[in-house]
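Peer 1:
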Amino acid sequence: MDKLTILVIEDEPTLQKTLQEILTQEGFIVLSASDGELGLELALKHKPDLILLDLILPKKDGFEVLKELKADEITREIPIVILTNLEGSIDVQRALELGATTYLVKANYELEDVIEKVKGAIKK
Amino acid sequence: MKKILAQLNFIKGCRAYGVELWQCPSFLFIIIGVIIIGSMLLTYFIAQFFIELEEIIIGLVTIETIVLLIVDFSIVRSFEVLALTSKMKSEFVSIVSHQLKTPLSSVKWSLNLLLNGRLGVLSRKQIEYLEGVKQSTDKTIELVSDLLSVSRIEEGKIKIKQQPLRLEELVAKEIKEMRTFIKAQNVQIDFKSIEKLPQVQTDHQLIRTVIQNLLNNAVQYIGNKKGLIKIELRKKNNAFLLFSVQDNGVGIPKHQQNRVFQKFFRADNVLRYKTVGTGLGLFISKAIIESCGGKIWFKSKEDVGTTFYFTLPIK
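Taken in order, these protein sequences are the chains called A and B.
With our numbering as the guide, the letters of the first sequence map in order to residues 382 to 505.
With our numbering as the guide, the letters of the second sequence map in order to residues 36 to 350.
#1: List the endpoints of the continuous alpha helix (DSSP H) containing glutamate 90/B.
#2: Can you pull the chain B neighbours of threonine 483/A, defined as C-beta to C-beta under 7 Å?
#3: Should the region 283 to 297 of chain B be called in touch with the region 204 to 219 of chain B, which here means at least 3 C-beta pairs below 8 Å?
#4: Closest to isoleucine 188/B by CA distance: which of Ser326/B, Phe275/B and Ile176/B is it?
#5: Could you have a look at arginine 457/A and say whether DSSP puts it in helix, strand or coil?
#6: Here's the rule: buried if 16 or more other CB atoms are within 10 angstroms of the residue's CB, otherwise exposed. What is glutamine 297/B?
#7: When you compare the CB of serine 145/B with every CB in chain A, is at least one pair closer than 8 Å?
#8: Less than 8 Å between CB atoms is the rule here; does lysine 122/B satisfy it with respect to chain A?
#9: Which term fits glutamine 134/B, buried or exposed, when burial requires 16 or more other beta carbons within 10 angstroms of its beta carbon?
#10: Report the residues of the region 245 to 270 of chain B with a CB closer than 7 Å to any CB of chain A, ordered along the chain.
#11: In angstroms with no decimal places, state the Cα-to-Cα distance between asparagine 489/A and threonine 456/A.
#12: Which residue's Cα is closest to the Cα of isoleucine 65/B: Lys289/B, Cys49/B, Ala118/B and Ser320/B?
#13: Within the continuous alpha helix (DSSP H) that includes isoleucine 195/B, where are the two ends?
#14: Quick one: which chain A residues come within Cβ less than 7 Å of isoleucine 176/B?
#15: What are the boundary residues of the alpha helix (DSSP H) that includes glutamine 223/B?
#16: Please list the partners that isoleucine 403/A has in chain B, where partner means a Cβ-to-Cβ separation under 7 Å.
#17: Pick helix, strand or coil for valine 411/A, following the three-state DSSP scheme.
#18: I'd like to check one pair, glutamine 197/B with glutamine 236/B: are the Cβ atoms closer than 8 Å?
#19: Let me know the alpha helix (DSSP H) ranges lying completely inside the region 230 to 303 of chain B, each 4 residues or longer, listed in chain order.
#20: Figure out for me which residue from Leu385/A, Lys384/A, Ile390/A and Ile471/A has the closest Cα to the Cα of leucine 419/A.
#21: In whole angstroms, what separates the C-alpha of asparagine 248/B from that of threonine 483/A?
#22: Straight-line CA distance for serine 109/B to isoleucine 98/B?
#23: Using beta-carbon positions only, say whether leucine 436/A and phenylalanine 444/A come within less than 8 Å of one another.
#24: Taking Cβ-Cβ distances shorter than 8 Å, what residues in chain B pair up with glutamate 493/A?
#25: Output the boundary residues of the beta strand (DSSP E) element that contains valine 156/B.
#26: Put phenylalanine 85/B into one of helix, strand or coil per three-state DSSP.
#27: Among the candidates Pro288/B, Leu77/B, Thr346/B and Ser186/B, whose CA atom is the shortest distance from the CA of glycine 94/B?
#28: For glycine 480/A, which residues from the same chain have a beta carbon less than 6 Å from its beta carbon, with the 5 sequence-adjacent residues on both sides left out?
#29: For lysine 6/B, would you say it is in contact with chain A, using Cβ-to-Cβ distances shorter than 8 Å as the test?
#30: Can you confirm whether leucine 241/B, when its beta carbon is compared against all beta carbons of chain A, has any partner nearer than 8 Å?
#31: Indicate whether lysine 271/B and threonine 346/B have their beta-carbon atoms separated by less than 8 Å.
#32: What does the Cβ neighbour count give for aspartate 181/B, buried or exposed, with the cut at 16 atoms within 10 Å?
#33: Leaving out five residues on either side along the sequence, give the residues of the same chain with a beta carbon under 8 Å from the beta carbon of valine 206/B.
#34: Against chain A, does leucine 3/B count as a neighbour if the rule is that its beta carbon must be under 8 Å from one of theirs?
#35: Report, in whole angstroms, the separation of the C-beta atoms of proline 348/B and phenylalanine 275/B, which I expect to be a contact under 8 Å.
#36: Interface residues of chain B around leucine 396/A at Cβ under 7 Å?
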């Protein structure tokens, strides 16, 4: 079976690096983007199997990215895991309504648990 | 009586607000009172001399009314200033907490990678130190989360989800999750449901926070003896579920019992400097339980122990 591809859209360099490291170790091909615009571009070009999306991002915020991903025929079906530190119930609700698969608050999860959730979301 | 006198001491009250005297509502109210009484007497005496000249009396009353309006206006303004200050403080906490969480998650995840051996093998000593860093990071994250909850409570942003919940299952799960901590503190926990209990409609995550806080306090404040904690669940008047957690710990000094649910309060008992805590847990718990339509209270005696209770409506 071919390796699955995951796109990480995250602007904090250390977080991006840790995600890249662990996902690569887990056998995924990892693409990274540090802002919303680049994230969208990579998503359209490579059509990844899953997208990890931060909400507070330069150029285009995560909500906009999510909206555009869900509006586009090519990217509509890709599961999207929100990975953020925003934890207001309004934000959670908005992201889920826009079509996010899972919503994770970074500070509340160990890295290994994030990976479990990612694997779960890909299987769905 | 003491309380009434303390309230009358407006200068102290104004200092606590951190505003100037002329901006302080309690001071301005006293000024209003003095003006009203003074102007009534003044009008009475002047009116005696000018009983025939209505214009003068009308003029006097008008001037007094204008003065009162000006004072009223500054009272309203000063209330607005106070409200704004409090709102800014809440927003400040919220923004700072959120900004803190990103670098903290970054530290946490990097430590995860290091400690799980994913970046190569570490020596025992290196692991030991990194475990220490991990614990401190987790504590800091917890504190930041607590501060965020408090600011959310104060902004009135706390939202209750209505989900069916079997409270006895949640309690059992929490006890299980805390078993390492419980064992380390030499504490035995007895948990029983007195009868078959109905489901409640409430917010899992929030009620979980309350139970964690209460259990954590019970275990933490046992002291040097063999701890025994009794947790019970029962129905109350068929309208509520009643949760209670009783410990045989150090207890809360009587003179401080009225402050237990205040923000940042930590009891001045023998364990104050031997335990860690922010003094936010019970403040948050009270806000949660009350938002869910229940009540929370406690009984405590120094050296004998403390029992905390809360109720949740069955619906």
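Heads up, the beta-carbon is just placed ideally off N, CA and C, and yes, glycines get one too.
Peer 2: Well, looking at it:
#1: 89 to 150
#2: None at all; the shortest Cβ gap to chain B is about 15 Å.
#3: no
#4: Ser326/B
#5: coil
#6: exposed
#7: yes
#8: no
#9: exposed
#10: none
#11: 28 Å
#12: Cys49/B
#13: Segment: none, isoleucine 195/B is in no alpha helix (DSSP H) and carries neither H nor E.
#14: Ala488
#15: It is not in any alpha helix (DSSP H) - glutamine 223/B instead sits in the beta strand (DSSP E) that spans 222 to 228.
#16: Leu148 and Arg153
#17: strand
#18: yes
#19: 239 to 255
#20: Ile390/A
#21: 27 Å
#22: 17 Å
#23: yes
#24: Asn147 and Asn151
#25: That residue, valine 156/B, is in no beta strand (DSSP E); it is neither H nor E in DSSP.
#26: coil
#27: Leu77/B
#28: Lys451
#29: Residue coverage of chain B in this structure runs from 36 to 350, which leaves residue 6/B outside it and unanswerable.
#30: no
#31: yes
#32: buried
#33: Phe226, Ile246, Ile266, Leu268 and Phe278
#34: The first residue shown for chain B is 36 and the last is 350, placing residue 3/B beyond what the model contains.
#35: 6 Å
#36: Ser140, Ser141 and Trp144
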